[in-house]
Amino acid sequence: MLIGLTDIKKIYEVGTVKVPALKNIDLKIGRNEYVAIMGPSGSGKSTLMNIIGCLDTPTDGTYLLNGTNVSEMSDNQLAEIRNREIGFVFQTFNLLPRASALHNVELPLIYNGTSASNRKKLATVALEKVGLADRMNHKPNELSGGQRQRVAIARALVNNPSIILADEPTGNLDSKTGEEIMEIFETLHDSGNTIVLVTHEEYIAEHSDRIIRLRDGLVERDEASVN
Amino acid sequence: MRIFIYIWEGIRIAFEALKSYKLRSVLTTLGIIIGVMTVITIVALVQGLNKAFTEQISAIGTDTLHIDKYPWMAGEKWFEYRNRRNITLEDAIKVKQMAKLAVGVTPALYTRRVVKYRDKTLEGVTIVGTTEDYIITSNTYPEFGRFLMKGDVDYRRPICVLGWEVSQKLFPNTDPMGKRVSISGRKFRVVGIIEKKGKMFDENMDTYAYVPIGNFQAAFGARWRSVGIQVKVKSPEVMEDAEIELTGIMRRIRGLEPGEKDDFSINKQSMLMDMYKKLTTVLWAVAIGVGSISLLVGGIGIMNILLVSVTERTREIGVRKALGARRLDIMVQFLIESMMICAVGVTCGILLAVGLAELVAATTPLPAAITPWVAFLGLGFVVTIGLFFGIYPASKAAKLNPIEALRYE
């Protein structure tokens, strides 16, 4: 078991009002699974993603990631866990605008202290995996949307994380480019990566093997994908 | 090892940021530029002044005391000393007999006269009436011929020794040696030329002429003139003892009762030095005042632009945090950026100051010079201002919540 969420609660305090975003989540995700988390807005899927991604800690409950209890870690410890275990892919790509594709892919390696020469090597390999080796010196504004997302995927891969966590990865792309990106995820899954996909598009979620549907902070359904 | 990787990343990012906002960066650093320029220019000026001043007063010698009617720094109290009795030639002779710590005691009288040779005339020549010991007390050495000798003084021989410029102007083509010059109508035979001495403050030391003191008194009057006594002591270390000794001797010679004030002054080089130090202290205060105000303003400018930068790059900070940057990493990045903006300002400031100093050196007699240690001073500015004013924006960036930062539009 790679991800083990037990009795996870997340309550936001807005002024004096307590808003429960996650009420009681129990979830297990194994290695090399391809999971989609779905749900309407307000269902708590962003909150769940933030917790799985170690960007946030639960108010209550335990989160075991790769055997480590991360639910009560400090900011700096979480940063190290994120660096080592999680590869993020965002809807808006979130590349550094002034840095080249290569430099963007190197970023996670900078924060674990990889030497410059190794960084370049690893980043180049990651860019080759997404088919962008010939574009590595381009800045994001010189790349198309699909290419930018591929750079972001390379960045997510470069550290060999346990999970690739993609948040609406095709939300800013046309459907054809979106399909291309989904193919990359499939290839990654086939080569052994664990992928957690957050989306509200049914046809995107269908690429996965398992769909977890949230509603009002609870798991509404957790079932194998129909494909 | 890791910290170098972060620092290098910080420099790289900061460089990219500075490149993208060239105008903004330069405007931001204007305060720093002006502050650094002011401080360094004034430092250069003071150093130039120091150099010029030390060169000039070195002629006086650190081992020479001057007994005069007036203190050198009389200033507005000048009238207080007017009623003092004149110092006489006899006083000087007695001092010479009694002073044990002195190696040379010389009376000297001064006046400005016209010196003529045939059809050539030189006005405003300082005529010095003195004795053979003047060569010891004043470091006045002949380039050609000789200085006054004991016999010249004792027998009041009508001879003179000319300063360099006097000899050049009166004898442009002929050898002055043995020629008779006329000083206020009296004839003096030239026996020597003094080597070139240059200027001391505004006084040209080369438009001097030296005659035996007895001849001086006979020619230009004796009774109403106060003699200046120059005393060279054995070594600079005994200056204080010599001063005490001389004070005692002078008081005895002049018959002062205990409790009566001295009616003479003992002057020395260090008095000029003290005076000068007071003057430069004011300059330093101005430099520090103007400098720190501009640096404060400049620093606030940097802080302001960094706060803008942190807001503009909230998303970037979020991304970095998501990818594993810890608080310290973000902090270091913005501190480096702060120091780099500062470095741009300091560099411009130093360059402008170098230009200004060159300009001053070229257009005025002040040898304003910038020494290499300004580079270290500059580095000091970069680190302190950069760190001090960068710490608030940097910690603000470091504390950003990654989720909110990633959502920031």
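One line per chain: the protein sequences are E and A, in this order. Heads up, the first sequence is in my numbering, so the first residue is 1 and it goes up one at a time. Heads up, the second sequence is in my numbering, so the first residue is 1001 and it goes up one at a time. Built from N, CA and C at the ideal position, the CB exists for glycine as well. Nothing here was measured: the structure is a model prediction, and the numbers come from that model.
Proximal chain E residues relative to residue i, where beta-carbon distance stays under 8 Å
{"i": "A1394/A", "result": "Here the premise fails: no neighbours, minimum Cβ distance about 16 Å."}
{"i": "E1016/A", "result": "R98 and A99"}
Classification of residue i by the beta-carbon crowding that lies within 10 angstroms, buried from 16 upward
{"i": "E183/E", "result": "exposed"}
{"i": "E1404/A", "result": "exposed"}
{"i": "R1223/A", "result": "exposed"}
{"i": "V1374/A", "result": "buried"}
{"i": "L1335/A", "result": "buried"}
{"i": "D1068/A", "result": "buried"}
{"i": "K28/E", "result": "exposed"}
{"i": "I1042/A", "result": "buried"}
{"i": "T1174/A", "result": "exposed"}
{"i": "N83/E", "result": "buried"}
{"i": "L1109/A", "result": "buried"}
Neighbouring residues, chain A, relative to residue i (Cβ below 7 Å)
{"i": "Y111/E", "result": "L1323, G1324, A1325 and D1329"}
{"i": "L55/E", "result": "A1322, P1402 and I1403"}
{"i": "N83/E", "result": "L1323 and G1324"}
Beta-carbon proximity of residue i to residue j, cut-off 8 Å
{"i": "R1113/A", "j": "I1135/A", "result": "no"}
{"i": "H200/E", "j": "P40/E", "result": "yes"}
{"i": "F1147/A", "j": "V1161/A", "result": "yes"}
{"i": "K1232/A", "j": "V1103/A", "result": "yes"}
{"i": "D1063/A", "j": "I1253/A", "result": "no"}
{"i": "Y63/E", "j": "S208/E", "result": "no"}
{"i": "N159/E", "j": "G87/E", "result": "yes"}
{"i": "V244/E", "j": "A154/E", "result": "Residue 244/E lies beyond the range of chain E shown here (1 to 227); nothing can be said about it."}
{"i": "E1009/A", "j": "I110/E", "result": "yes"}
{"i": "A156/E", "j": "R1326/A", "result": "no"}
{"i": "M1410/A", "j": "E1132/A", "result": "The structure shown does not extend to residue 1410/A, since chain A is modelled only from 1001 through 1409, so no value can be given for it."}
{"i": "E106/E", "j": "A123/E", "result": "yes"}
{"i": "I1302/A", "j": "A1398/A", "result": "no"}
{"i": "V1190/A", "j": "K1197/A", "result": "no"}
{"i": "I1370/A", "j": "V1354/A", "result": "yes"}
{"i": "P1142/A", "j": "I1194/A", "result": "yes"}
{"i": "A1059/A", "j": "P1367/A", "result": "no"}
{"i": "P140/E", "j": "R148/E", "result": "yes"}
Short CB-CB distance (under 8 Å) between residue i and chain A
{"i": "E179/E", "result": "no"}
{"i": "F266/E", "result": "Residue coverage of chain E in this structure runs from 1 to 227, which leaves residue 266/E outside it and unanswerable."}
{"i": "N50/E", "result": "yes"}
Residue i at chain B interface by Cβ criterion, 8 Å
{"i": "S1338/A", "result": "The chain labelled as chain B is not found among the protein chains of the depicted structure, namely E and A."}
Contact set between residue i and chain A, taken where Cβ atoms lie within less than 9 Å
{"i": "L107/E", "result": "E1009, V1319, R1320, L1323, G1324 and A1325"}
{"i": "N94/E", "result": "R1315, E1316, G1318, V1319, A1322 and L1406"}
Residue-chain proximity (residue i, chain E), Cβ-Cβ < 8 Å
{"i": "S1020/A", "result": "yes"}
{"i": "L1406/A", "result": "yes"}
{"i": "I1403/A", "result": "yes"}
{"i": "R1002/A", "result": "yes"}
{"i": "I1005/A", "result": "yes"}
Where residue i meets chain A, residues with beta-carbon distance less than 8 Å
{"i": "E80/E", "result": "G1324 and R1326"}
{"i": "N137/E", "result": "Under the 8 Å cutoff, chain A gives no residues; its nearest Cβ is about 14 Å from N137/E."}
(request) Could you please tell me which residues of the region 1298–1320 of chain A, in chain order, have their CB closer than 8 Å to any CB of chain E? (result) R1315, E1316, G1318, V1319 and R1320
(request) Note down, in chain order, all residues in the region 63–77 of chain E with a beta-carbon under 7 Å from any beta-carbon belonging to chain A. (result) D75 and N76
(request) Please name the residues in the region 157–180 of chain E whose beta-carbon is closer than 7 Å to at least one beta-carbon of chain A, in chain order. (result) Near chain A, meaning a CB-to-CB distance below 7 Å, no residue of the region 157–180 of chain E qualifies.
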